[in-house]
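Reading through the structure tokens given below for one structure.
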Amino acid sequence: METFQLLLAKRLSDALANAGLAETGELTQATDPRFGDYQTNVALVLGKQRGENPPALAEKILSHLDVDDVCELPAVAGAGFINFTLRPDAIEKKTREVLRDNRLGVPETASSQRIVIDFGSPNVAKPMHVGHIRSTVLGDALARIAQFLGHEVIRDNHIGDWGTQFGMVIYGWKNLLDRQALQRNPLAEIVRIYKETNARAASDPEVREACRQELVKLQAGDKENIDIWNECVALSMQDFEHVYKLLGIHYDLQCGESFYHDRLPGVVDCLLKAGIAEISEGAVVVFFRDNPELADKPLIIRKRDGGFNYATTDIATVDYRVNELKADAVWYVVGAPQTLHFKQIFDVARREGYTADLRHIIFGSVLGEDRKLMKTRSGENVPLRELLEEACKRARKIVEEKNPNLSEEEKTDIAEKIGIGAVKYADLSQYRMTDYIFSWEKMLALHGNTAPYLQNAYVRIRSIFRKAGESWHRHPADEEIGWKPMPLCLAELPEIDLAKRLCQFAEFVPHALNGFRPNILTNYLFELANSFHAFYEACPVLKSEEPRRSSRLALCDLTAQVLQRGLGLLGIKVPEKM
RNA sequence: GCGCCCGUAGCUCAGCCGGAUAGAGCAACGGAUUUCUAAUCCGUGGGUCGGGUGUUCGAGUCACCCCGGGCGCGCCA
1265 METFQLLLAK
1275 RLSDALANAG
1285 LAETGELTQA
1295 TDPRFGDYQT
1305 NVALVLGKQR
1315 GENPPALAEK
1325 ILSHLDVDDV
1335 CELPAVAGAG
1345 FINFTLRPDA
1355 IEKKTREVLR
1365 DNRLGVPETA
1375 SSQRIVIDFG
1385 SPNVAKPMHV
1395 GHIRSTVLGD
1405 ALARIAQFLG
1415 HEVIRDNHIG
1425 DWGTQFGMVI
1435 YGWKNLLDRQ
1445 ALQRNPLAEI
1455 VRIYKETNAR
1465 AASDPEVREA
1475 CRQELVKLQA
1485 GDKENIDIWN
1495 ECVALSMQDF
1505 EHVYKLLGIH
1515 YDLQCGESFY
1525 HDRLPGVVDC
1535 LLKAGIAEIS
1545 EGAVVVFFRD
1555 NPELADKPLI
1565 IRKRDGGFNY
1575 ATTDIATVDY
1585 RVNELKADAV
1595 WYVVGAPQTL
1605 HFKQIFDVAR
1615 REGYTADLRH
1625 IIFGSVLGED
1635 RKLMKTRSGE
1645 NVPLRELLEE
1655 ACKRARKIVE
1665 EKNPNLSEEE
1675 KTDIAEKIGI
1685 GAVKYADLSQ
1695 YRMTDYIFSW
1705 EKMLALHGNT
1715 APYLQNAYVR
1725 IRSIFRKAGE
1735 SWHRHPADEE
1745 IGWKPMPLCL
1755 AELPEIDLAK
1765 RLCQFAEFVP
1775 HALNGFRPNI
1785 LTNYLFELAN
1795 SFHAFYEACP
1805 VLKSEEPRRS
1815 SRLALCDLTA
1825 QVLQRGLGLL
1835 GIKVPEKM
């Protein structure tokens, strides 16, 4: 199915060809409703290129432009813009097509890629904390959108399960472990022994040396240390799994750092042989002499003591993803502080001859209301699990206030959908690069650009259909059993506005993925909910006469589908009641 | 020192590859409810887009400089 934007762009392109003019400029959604629905600046661009008068050029283009079937007469305005206003009957026709389409009008990409998305990546022996939320939620949303658009997505959790911190964890495990505490709360006990060891090592060189020895033994494959390590990984994974279940997130692969451990010596040898790396001050180092930006920023891939570091692991990871997973693209959803690191890794990959599209998808930090990195009152990282449970608790309280008659089960289910949805939406609705200030009040607010507001629009629609009864029920398979969409008759402005927005879902989804910007999708959904609420206020559904009643029911149905699908692409669920 | 990111209404933020008179939400103020969930809607006020210079038909957006904040830069991840 073709969007209005694509259709008009094609017609414009035909007109330019017929007028003997070069194809240039762009056709976009109008920047302001006063200018109609779509606009193009071709005449301005051409005017500049040819040194001609833009409004005159616009008129010339108009004389070759055939859009009568979808638009009112296009108008030249301002400095030479051409404005397009969709005709209600064209909107009606398109809406009917979208209603019939189980992809809601969104076309699959013509160039499907295999994309590995690296997101989340928590560290073993530490609980997931609020710092992991953006990567996890953003990565999951991008994965869902990419998949919906027809890409083959591999979600990979690059767990930090092989760092130097294990020297300390193992030392603590052997010397400080409280078995009972471990049973009660495994991760808390691991964190405790780690911290205490860390404190001791800071003041006692002997402890520091002992930790180093434990790490060496682990890396050499010492049975006892490997067993301890395995147990720590398993206990951590339980915590992660709990959080992932709450968030509704899954991975296709969980190839952590340890997965690449055996490959590291080979990676270094390879880079040395290829002349990409060299020995410098006893370490193996990659220099980027031909890259001005990195010229004074070498990358160490083997330390003087023979150990490898995370740069080595990340290069091994690129090798694996490109050579064995056959990835066309790899997206790293990792915070902004690692920008330099990934520039280096990608440059190494380029020199290895890889052509895969490697991207660092950067995002800002989560700040507390004091504008500093979000911490608990005692200065600790806020555990993600507690934060999510708090969100559900707060949502539950609101549900109980607003709708006390629901059953316990319903309340729990609804609170989870609202609470988790609110946390995700608050994150995704903001441009990913800006630091994000965490605020319970803001994210759980019922007005404004929040998950509950959108969920409420969905719930209001579902309520209409409950009242309407079984007579109007739509399933994807209805068409096969002879269900026919009711003819739409859009008469009032709020109906036309709503329908128009519904048709534009297809224009926003690919756009959101292009910039790796789910906030483009949240903005659209927010505006859709606005349009729906305006429609809801102005246009009674069940009480109106046929054929208007059926037409409005169809609009409601489609709105609910787009809201559900759109929020679904962001990993957010919708409740039937709230 | 070098580099990256950010600075838009009182607050939190949008603003796409440079487009027309810079938009939302919150807060403030004024309205709307015998009506499908008022968990809503309609309206009003509110701006030197950090500052400057430049590029051009046109700059919040691009370039350069400055100010302010955050982050990163040879053996942590």
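The numbering of the first sequence is the working numbering, which starts it at 1265 and goes up by one. From the three backbone atoms N, C-alpha and C, an ideal C-beta is built for every residue, glycine too.
Is the distance from the Cβ of residue i to the Cβ of residue j below 8 Å?
i       : j       : result
Asp1621 : Ala1593 : yes
Val1630 : Ile1397 : yes
Ala1407 : Val1394 : no
Glu1249 : Gly1427 : Lying outside 1265 to 1842, the shown extent of the chain, residue 1249 is not represented and no answer is given.
Lys1590 : Arg1378 : yes
Ile1565 : Ile1543 : no
Lys1666 : Ala1690 : no
Asp1404 : Gly1520 : no
Leu1285 : Tyr1302 : no
Pro1647 : Pro1391 : yes
Ile1492 : Trp1437 : yes
Val1334 : Leu1270 : no
Ala1466 : Val1433 : no
Please state the DSSP three-state secondary structure of residue i.
i       : result
Ser1544 : strand
Cys1335 : strand
Asn1317 : coil
Glu1416 : strand
Pro1647 : strand
Thr1676 : helix
Thr1577 : helix
Thr1400 : helix
Val1582 : helix
Val1805 : coil
Val1471 : helix
Arg1411 : Residue identity differs from the one stated: residue 1411 is Gln in this sequence, not Arg. Gln1411: helix per DSSP, three-state reduction.
Gln1828 : helix
Ala1655 : helix
Asn1667 : coil
Gly1427 : coil
Asn1387 : strand
Val1340 : strand
Ala1741 : For Ala1741, the pLDDT reaches just 48, beneath the cut-off of 50, and the residue's location in the model is therefore unreliable, although a value from the coordinates is still provided. It is helical.
Leu1517 : strand
Tyr1618 : coil
Tyr1695 : coil
Val1630 : strand
Ala1307 : helix
Val1370 : coil
Under the assumption that residue i contacts residue j (Cβ atoms under 8 Å), give the Cβ distance between them as a whole number of angstroms.
i       : j       : result
Leu1326 : Val1309 : Going by Cβ atoms, the distance from Leu1326 to Val1309 rounds to 16 Å, so no, they are not a contact pair.
Leu1819 : Glu1756 : At roughly 11 Å, the Cβ-Cβ gap does not stay under 8 Å, so Leu1819 and Glu1756 are not in contact.
Leu1762 : Phe1796 : 6 Å
Pro1562 : Val1549 : 5 Å
Ala1732 : Ala1793 : That belief does not hold up - the Cβ atoms of Ala1732 and Ala1793 are roughly 21 Å apart, past 8 Å.
Where does the unbroken alpha helix (DSSP H) through residue i begin, and where does it stop?
i       : result
Trp1595 : Here Trp1595 belongs to no alpha helix (DSSP H); instead the beta strand (DSSP E) covers 1593-1597.
Thr1461 : 1450-1467
His1624 : Counting along the chain, His1624 falls outside any alpha helix (DSSP H), though it belongs to the beta strand (DSSP E) covering 1621-1625.
Gln1602 : First-last for Gln1602: undefined, no H or E at that position.
Leu1637 : Element bounds for Leu1637: n/a, residue is neither H nor E.
Glu1771 : 1769-1778
Glu1361 : 1352-1364
Asn1720 : 1715-1732
Arg1275 : 1268-1282
Pro1529 : 1528-1537
Glu1756 : No alpha helix (DSSP H) holds Glu1756; DSSP gives it neither H nor E.
Lys1706 : 1704-1707
Between which two residues does the beta strand (DSSP E) containing residue i stretch?
i       : result
Phe1348 : 1345-1348
Tyr1302 : 1302-1304
Asp1209 : Past the boundaries of the shown model lies residue 1209; the chain is included only from 1265 to 1842, so the question cannot be answered.
Ile1836 : Premise fails: Ile1836 is in no beta strand (DSSP E) and is neither H nor E.
Gln1293 : 1291-1293
Ile1492 : No beta strand (DSSP E) contains Ile1492, which is instead part of the alpha helix (DSSP H) from 1487-1511.
Ile1565 : 1563-1566
- Task: Would you be able to state if there are at least three C-beta pairs under 8 Å between the region 1510-1526 and the region 1568-1586?
- Result: Output reads yes: the region 1510-1526 touches the region 1568-1586.
- Message: Counting beta carbon pairs with one atom in the region 1602-1610 and one in the region 1549-1562, are three or more of them shorter than 8 Å?
- Response: By the criterion of at least three beta-carbon pairs nearer than 8 Å, the region 1549-1562 is in contact with the region 1602-1610.
- Query: Does the region 1359-1366 touch the region 1314-1322, meaning 3 or more C-beta pairs lie closer than 8 Å?
  - Reply: Under the three-pair Cβ rule at 8 Å, the region 1314-1322 does not count as touching the region 1359-1366.
- Task: Report yes or no: do the region 1467-1485 and the region 1353-1363 share at least 3 C-beta pairs separated by less than 8 Å?
- Result: Segments in contact, no.
- Is it true that the region 1800-1808 meets the region 1645-1652, where meeting means three or more beta-carbon pairs spaced less than 8 Å apart? With a cut-off of 8 Å, the region 1645-1652 and the region 1800-1808 do not count as touching, because too few Cβ pairs lie within range.
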